[in-house]
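Protein chains in written order, with this note's numbering: chain Z, 1 to 337; chain B, 1001 to 1337. Heads up, the thing below is written out as structure tokens.
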DNA sequence: CGGTTTTATTAAACCGGTTTAATGATAAAG
DNA sequence: CTTTATCATTAAACCGGTTTAATAAAACCG
């Protein structure tokens, strides 16, 4: 690989001149420009992004830290979210460094990555990385809330308590008091939040939660989210008397729908289903179409990217944003009489 | 941000020593190690990945070039593929630099990216980037075939002609000679290949293609793949006499299924559907479950990553691999009598 | 105890760019 | 025809690490 020095020598100019020809930051006579460009082509010279980054302290790359399990595929939520980040970054000339690597225990290995800022998905409780990025002065935006709360860090989040509440309220208004909630995995904070919101809805309506049953997704028991929806319904219908189901994702709802078909349950006449949707297209593609709460994962991603890019420009910015979920009425729910 | 120099000075050692403490490439006395580490902590020193990369000419990052349209979401195929690449890279300690940026016209802007190798999705005809990576001596693996063929470049590909042939043969064996092929967008090479394979199947069976109708996806006419499947079926059923449909993706098939429900067509009794599936899970989640050809997008991605990592170790390697598609019989097809 | 080997440490060169301050040439102004 | 301002160009310092060759100190050996 030819370097800027090779080009400079062969073109009989200084490396600073070659640099200027390529960066166009300083005027260079057309004569010299042409000569340098010709030599560069002959030597197959391409500027080195790394060396450049080192000098100008800028990479035009955004880091995206996203914990992904070794065995399982990304969830629809994650896919949509990445989508949003990429789309926004791409629009503004940034590339995305996807980092799904598990963290090394040895603090010696923490390094300043080749990025201008970082978006971090699902920070853990007391996440040490948050402080580390502060020390590094790397702009950081979380997707999800810092725990414990820290108002000096930027984050974008759903209000999952509100989401749970919203769904609960909707179902209660429609006369459903016996509900099966197919919740996310119990180690996820979103699962706890949504559950709390749902309970709050029951409380504020003065309805007992005695007919509210909450189940949790478990990688051990369930092959995939659809399977979770399928077996949960198959195993519980008949034993329990619920009139409505809340499914953690579209895929879970899909599995539940499959089960209802096999059991001969008519949706929504005999059973109402509402999905927490991470894939707005899929929710419209089922039959019946799913009444769902749009989590707007893609919006979450693009808003995080927008905020980060703002913070890269001006590190001083501190801002949080809660993305509201929208309840979209389609065909899978009905008033219980 | 503290640098290695700051640490060296304050600890009263040379920068080479600090470097050795962090890289552990050279033995350093425990006494010095501790002192350096203490100072590093006090100054919040973190090694700079960029500077390191420049010196050792290695980034542990793999570039993934993937053209994504500004307005539309990633297809299931792309998602699965990225998934495969990420999973494999992550397993081996590499991160992935996602590059969806459109190429700049000005050749001045081509640079050696901060990556150890590149995976490029869907190279264009006469793609100038292929030669450029050769000149840069950057390991490159294509997903899709180089056009014109170049046996010196590494690539991983489906055999789309064979896929078309396979599906055609299966349907013909089952007595279907009137077929509607909901093909991909006509500007995609895969669309042409699959169509060719399908025609070849007809030919070799000695069946006239007069009742074979091929449609193409068009971003202008169709909101999304599902919508494409839906309207295509709604508009054509009755006018045409096909007994089987080939859907370009699971989502297209999903739309078609939706239409059949509304039209009261019973699958597979009145109409057979086979999907070219990029989402193996989804194909099992529809009702009826889709008989489909698994494109194995994730496998494509992980194989590309494997090959690239091999090539990064040994640049001399030249290897191509064709991933076979598997026809999986489920519930959406039946013998036509 | 002197000579050889081993070990930890360092100074300096290097990776491939950018940028500042200085310089010489050219154009504009008086 | 000076004097001054403008312009293209350059040498050298710099970004923050790694690595090589040299060196001083400690360990080994007969």
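Even glycine gets a Cβ: it sits at the ideal position worked out from N, Cα and C.
query                                                                                                                                                                  : result
Should residue 49 of chain Z and residue 1184 of chain B be called a contact, given that it needs their Cβ atoms to be closer than 7 Å?                                : no
Can you give the Cα-Cα distance for residue 1234 of chain B and residue 1080 of chain B, rounded to whole angstroms?                                                   : 29 Å
Suppose contacts are defined by Cβ-Cβ distances below 7 Å. Is residue 167 of chain Z in contact with residue 293 of chain Z by that definition?                        : yes
Out of Z:296, Z:324 and Z:332, which one is the CA nearest neighbour of residue 83 of chain Z?                                                                         : Z:296
Scan the stretch 151-236 of chain Z and note each continuous beta strand (DSSP E) run of 3 residues or more that stays entirely inside, going in chain order.          : 154-158, 179-183 and 212-216
Beta-carbon within less than 7 Å of residue 1051 of chain B's beta-carbon, same chain only, minus the 5 sequence neighbours each way: which residues are those?        : none
Using a Cβ-Cβ distance cut-off of 7 Å, determine whether residue 1233 of chain B contacts chain Z.                                                                     : no
Which class does residue 75 of chain Z belong to by DSSP, given the choice of helix, strand or coil?                                                                   : coil
Using a Cβ-Cβ cut-off of less than 8 Å, list which residues of the stretch 1250-1263 of chain B approach chain Z; keep chain order.                                    : 1251, 1254, 1255, 1257, 1258 and 1261
May I ask you to list, following chain order, the residues of the stretch 1205-1226 of chain B that have a beta carbon less than 8 Å from some beta carbon of chain Z? : 1224 and 1226
Closer than 9 Å between beta carbons: that is the criterion. Which residues of the stretch 1091-1106 of chain B meet it against chain Z?                               : 1091, 1093, 1094, 1095, 1096, 1097, 1098, 1099, 1100, 1101 and 1102
Are there 16 or more other CB atoms within 10 angstroms of the CB of residue 120 of chain Z, so buried, or fewer, so exposed?                                          : buried
Between residue 100 of chain Z and residue 1095 of chain B, what straight-line distance do the alpha-carbon atoms span, to the nearest angstrom?                       : 7 Å
Which same chain residues, not among the five before or five after residue 226 of chain Z, have their C-beta less than 8 Å away from its C-beta?                       : 251, 252, 254, 255 and 258
Quick one: residues in its chain with C-beta nearer than 6 Å to the C-beta of residue 1312 of chain B, no 5 flanking neighbours on either side, listed in chain order? : 1116, 1117 and 1139
Grouping DSSP H, G and I as helix and E and B as strand, with all else coil, what is residue 351 of chain Z?                                                           : Nothing in the structure corresponds to residue 351 of chain Z, since chain Z is present only between 1 and 337.
Inspect the CB distances between the stretch 147-156 of chain Z and the stretch 1011-1024 of chain B and report whether three or more fall short of 8 Å.               : no
Taking only beta carbons into account, state which residues of the stretch 1029-1050 of chain B come closer than 7 Å to chain Z, listed in chain order.                : 1044, 1046, 1047, 1048, 1049 and 1050
Along chain B, in chain order, which residues have C-beta atoms closer than 8 Å to that of residue 270 of chain Z?                                                     : Those do not exist, as residue 270 of chain Z stays about 17 Å from chain B at its closest Cβ, beyond 8 Å.
Among the candidates B:1045, B:1206 and B:1125, whose CA atom is the shortest distance from the CA of residue 134 of chain Z?                                          : B:1045
Do we get a CB-CB distance below 7 Å when we pair residue 303 of chain Z with the residues of chain B?                                                                 : no
Under three-state DSSP, which class holds residue 63 of chain Z?                                                                                                       : strand
Considering residue 321 of chain Z, what are the terminal residues of the beta strand (DSSP E) in which it resides?                                                    : 320-323
Given a cut-off of 7 Å, decide if residue 39 of chain Z and residue 11 of chain Z are closer than it, judged by their beta-carbon atoms.                               : yes
Below 9 Å on C-beta distance, what does residue 1054 of chain B contact in chain Z?                                                                                    : 48, 50, 51, 53 and 54
If we cut at 7 Å on Cβ distances, does residue 202 of chain Z have a partner in chain B?                                                                               : no
Ignore the nearest five residues each way along the sequence and tell me which others in residue 122 of chain Z's own chain have a CB closer than 6 Å to its CB.       : 144
Are the CB atoms of residue 1247 of chain B and residue 1182 of chain B nearer to each other than 7 Å?                                                                 : yes
Taking the alpha helix (DSSP H) that residue 7 of chain Z falls in, what are its first and last residues?                                                              : 4-11
Kindly say whether residue 1188 of chain B, judged by its beta-carbon, lies nearer than 7 Å to any beta-carbon of chain Z.                                             : no
Just the Cα atoms here: how many angstroms apart are residue 1098 of chain B and residue 1113 of chain B?                                                              : 12 Å
Report yes if the C-beta distance between residue 194 of chain Z and residue 224 of chain Z is below 7 Å; otherwise report no.                                         : no
Taking only beta-carbon positions, decide if residue 287 of chain Z is within less than 7 Å of chain B.                                                                : yes
Is the Cβ of residue 265 of chain Z closer than 7 Å to any Cβ of chain B?                                                                                              : no
Check whether chain B comes within 7 Å of residue 112 of chain Z, counting only Cβ atoms and requiring the distance to be less than that.                              : yes
Determine, for residue 338 of chain Z, whether the minimum Cβ-Cβ distance to residues of chain B falls below 7 Å.                                                      : Residue 338 of chain Z lies beyond the range of chain Z shown here (1 to 337); nothing can be said about it.
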